[in-house]
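Working notes, structure below.
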Amino acid sequence: MSRFTVREATKFFRSSGADCNETLVQEWMNDTKTMNISYGVTKSDFISFDMWNSARGTAYENGISDKERIARLLVEINDLKTEILTLTKEKEGLEDQLGIMSS
1 MSRFTVREAT KFFRSSGADC NETLVQEWMN DTKTMNISYG VTKSDFISFD
51 MWNSARGTAY ENGISDKERI ARLLVEINDL KTEILTLTKE KEGLEDQLGI
101 MSS
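So for the sequence shown, the UniProt record's numbering puts the first residue at 1; every next one is plus one.
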């Protein structure tokens with residue numbers, strides 16, 4: 001029974017476009033119990049890694065406390081409010097340039 005190695009998984013993920021290193025792949029393998037898989041690295045492994053990696057550091061990361069999840073969501077909300085203000089100002093500036101009256 002051959003298990004894929006961290007090096008094999010990292011090589012496959014990089015060839016699929018992921019920006020990762022062996023340390024990150026090892027962390028994914030440990031977190032998701034992937035060490036027990038007895039087949040070669042597949043596209044579904046890449047998808048699993050990509051989803052896991054995308055959730056890291058966000059409110060959607062597995063294993064974080066409710067308190068940490070709420071804190072991360074509050075930061076995300078504030079970032080979105082700032083982005084809305086920036087986009088609103090940009091929109092108004094473009095409308096002014098075009099002579100469009102905003103509602």
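Glycine is no exception: its CB is placed at the ideal position from the N, C-alpha and C atoms. Owing to the predicted nature of the structure, the values given are computational and were not obtained by experimental measurement.
| Asked | Found |
| --- | --- |
| Outcome for ALA9 when other beta-carbon atoms lying within 10 angstroms are tallied against a minimum of 16 | buried |
| Through-space distance from GLU22 to GLU61, alpha-carbon basis | 20 Å |
| Option in PHE49, LEU80 and MET101 with minimal Cα separation from ASP19 | PHE49 |
| Which of helix, strand or coil DSSP assigns to ILE100 | coil |
| Sequence-distant residues of the same chain with beta carbon closer than 6 Å to SER44, five excluded per side | none |
| C-alpha distance - SER16 paired with ILE47, whole-angstrom precision | 10 Å |
| Per-residue burial, VAL41 [other beta carbons within 10 Å of its own, 16 or more giving buried] | buried |
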